[in-house]
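> Sequences listed follow chains A and B, in order. Going by this note's numbering, the letters in the first sequence line up with residues 22 to 188, in that order. Going by this note's numbering, the letters in the second sequence line up with residues 22 to 188, in that order. The beta-carbon is built from N, C-alpha and C at its ideal position, and this holds for glycine as well.
Number of protein chains: 2
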Amino acid sequence: MSESLAATIAATAESFRSEAKSAQRTFVSASRLGDGFRSAVSIRDHALTVDEPHGIGGSDAGPTPVELVLAALGTCQEITYRAFATALGIPLDSVAVTVEGDIDFRGFFAIDETIRPGFQRLRVQVALGSTASQADVDRLVAVVNGHCPVLDMLSTPVPTTIDVRRV
Amino acid sequence: MSESLAATIAATAESFRSEAKSAQRTFVSASRLGDGFRSAVSIRDHALTVDEPHGIGGSDAGPTPVELVLAALGTCQEITYRAFATALGIPLDSVAVTVEGDIDFRGFFAIDETIRPGFQRLRVQVALGSTASQADVDRLVAVVNGHCPVLDMLSTPVPTTIDVRRV
Numbered sequence: 022m023s024e025s026l027a028a029t030i031a032a033t034a035e036s037f038r039s040e041a042k043s044a045q046r047t048f049v050s051a052s053r054l055g056d057g058f059r060s061a062v063s064i065r066d067h068a069l070t071v072d073e074p075h076g077i078g079g080s081d082a083g084p085t086p087v088e089l090v091l092a093a094l095g096t097c098q099e100i101t102y103r104a105f106a107t108a109l110g111i112p113l114d115s116v117a118v119t120v121e122g123d124i125d126f127r128g129f130f131a132i133d134e135t136i137r138p139g140f141q142r143l144r145v146q147v148a149l150g151s152t153a154s155q156a157d158v159d160r161l162v163a164v165v166n167g168h169c170p171v172l173d174m175l176s177t178p179v180p181t182t183i184d185v186r187r188v
Numbered sequence: 022m023s024e025s026l027a028a029t030i031a032a033t034a035e036s037f038r039s040e041a042k043s044a045q046r047t048f049v050s051a052s053r054l055g056d057g058f059r060s061a062v063s064i065r066d067h068a069l070t071v072d073e074p075h076g077i078g079g080s081d082a083g084p085t086p087v088e089l090v091l092a093a094l095g096t097c098q099e100i101t102y103r104a105f106a107t108a109l110g111i112p113l114d115s116v117a118v119t120v121e122g123d124i125d126f127r128g129f130f131a132i133d134e135t136i137r138p139g140f141q142r143l144r145v146q147v148a149l150g151s152t153a154s155q156a157d158v159d160r161l162v163a164v165v166n167g168h169c170p171v172l173d174m175l176s177t178p179v180p181t182t183i184d185v186r187r188v
C-alpha cells in the first residue's frame, strides 16, 4: 500500500504543479441545532452529532465543538506524517497523537472580558514508531509542522466573513 | 426546557464567578492512525473516524481534519447562539450554519511555500429563526461573535507546544 500511496501522492502533487486551478478546493460543513445544544452536522455524505455534556445543559450525544478542534489537529498531524513520510521515503510504522487544550470558561461566559473564549494553549504529544535515523525523523517533524493545515489555522489567523440572515 | 436551560446557564456562570478555578478546564482528544490516512479518535466516551477521500489515497471512512474544523466552527456558532439567546431572554426558534473554507493544496504539498497550508478564508452563513426585534438580533449576533470559542481560536493564534517522542 505504501508504494501505491507514494504514487498517488506524487501524481496528485504533479497535477497541482501543472494545473494550479485543480489545487484550489472549497470544503463545506452544514449543521442545524436541534433540542438544547445538540447539533446535526453533514459533511458530504458523513454525519456527525455535536453536543455539550450533561451538567452544563447538554445531552452528551457527541463531542463538543472545541473537542472537534482537538481531534482535527491530532488527526491532521497524523495524516501529514503519513503523507510526508511516504513522499520522502522515511519509514513510519505508527503515529498516535494526544492533544490537550485549556479553556477558562470565564471568557465564554463573559465574566471577564480579558479572558479569551477559546483555548489558551494547546499541548500536542506525538508518538512515532519508526526505524528511521534520528536525522530523518527530525527532518520529518520539521516538514510536518511546517505544512500541517490545521496547525497552520490555529497558528495564523484565518480571514473569516460571517453573514447572518433571518429565516 | 428553555427555562431550565436558562437556570443551568445562570448557575454555571455563578459558580465560575464565585470560584474561578472551577472555570478552568482541560479537554483531550486521542487518536491513532490506522491503514492509509484513516484515524480512530477517542474523545471521552465518543468515537470518531477521520479519513481522506478516495482519489488522494484515503478510504473516505469519515470527514477530513479540515472538515472537522468547519464543523467545529458551525456548531460552536449554533451552541453559542442558543446559550446567549437563552441567557439574554431573546427568542430563538432555529439556528443553522453553513461554513465554507478555501484551501490551495499547493501549500500542503510544498509546491509553493508562499501559500499557507490551511484555509485561506472562511465564509460562515448563519440562518436564524427568531421573533425578536432586529435590535435584539443585532445584539445577539455581536455577543455571539465576541464569545464563540472556535471563532476566537481561528481569529487569534493559540500558543501550541508539540512534543514528539519515538516509541
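On the DSSP letters alone, give me the boundaries of the alpha helix (DSSP H) that Val-158/A sits inside.
Per DSSP, Val-158/A belongs to the alpha helix (DSSP H) from 155-168.
> Give me the Cα-Cα distance between Pro-84/B and Thr-96/B, rounded to the nearest whole angstrom.
Distance between the alpha carbons of Pro-84/B and Thr-96/B is about 15 Å.
> Does the region 29-45 of chain A come within contact of the region 37-54 of chain B, defined as at least 3 CB pairs closer than 8 Å?
No contact exists between the region 29-45 of chain A and the region 37-54 of chain B.
> For Ser-151/A, count neighbouring C-beta atoms within 10 Å of its own C-beta (all shown protein chains included) and say buried if the count is 16 or more, exposed if not.
Buried.
> Which whole-angstrom value is the C-beta distance of Ala-82/A and Arg-53/A, which I expect to be below 8 Å?
Contact flag wrong, Cβ pair sits at about 14 Å.
> Quick check: what's the CA-CA separation for Phe-105/B versus Ala-148/B?
Distance between the alpha carbons of Phe-105/B and Ala-148/B: 16 Å.
> Give the secondary structure of Ser-60/B by DSSP, where H, G and I count as helix, E and B as strand, and everything else as coil.
Here Ser-60/B sits in strand by DSSP.
> Kindly indicate if chain B contains any beta-carbon less than 8 Å away from that of Ile-111/A.
Chain B, which has no Cβ nearer than 8 Å to the Cβ of Ile-111/A, makes this no.
> Please state whether DSSP places Val-118/A in a helix, a strand or coil.
Reduced to three states, the DSSP call for Val-118/A is strand.
> Taking 8 Å as the limit between beta carbons, can you name the residues of its chain near Val-165/A, skipping five residues before and five after?
Excluding sequence neighbours, Val-165/A sits near Gln-98, Thr-101, Tyr-102 and Phe-105.
> Grab me the residues of Leu-94/B's own chain with a C-beta within less than 6 Å of its C-beta, minus the 5 sequence neighbours each way, in chain order.
The residues are Val-120 and Val-171.
> Sort Thr-181/B, Ile-64/B, Gly-122/B and Val-162/B by Cα distance to Glu-88/B and report the nearest one.
Ranking Thr-181/B, Ile-64/B, Gly-122/B and Val-162/B by Cα distance to Glu-88/B puts Gly-122/B first.
> With H, G and I counted as helix, E and B as strand and the rest as coil, what does DSSP make of Ser-176/A?
Ser-176/A: helix per DSSP, three-state reduction.
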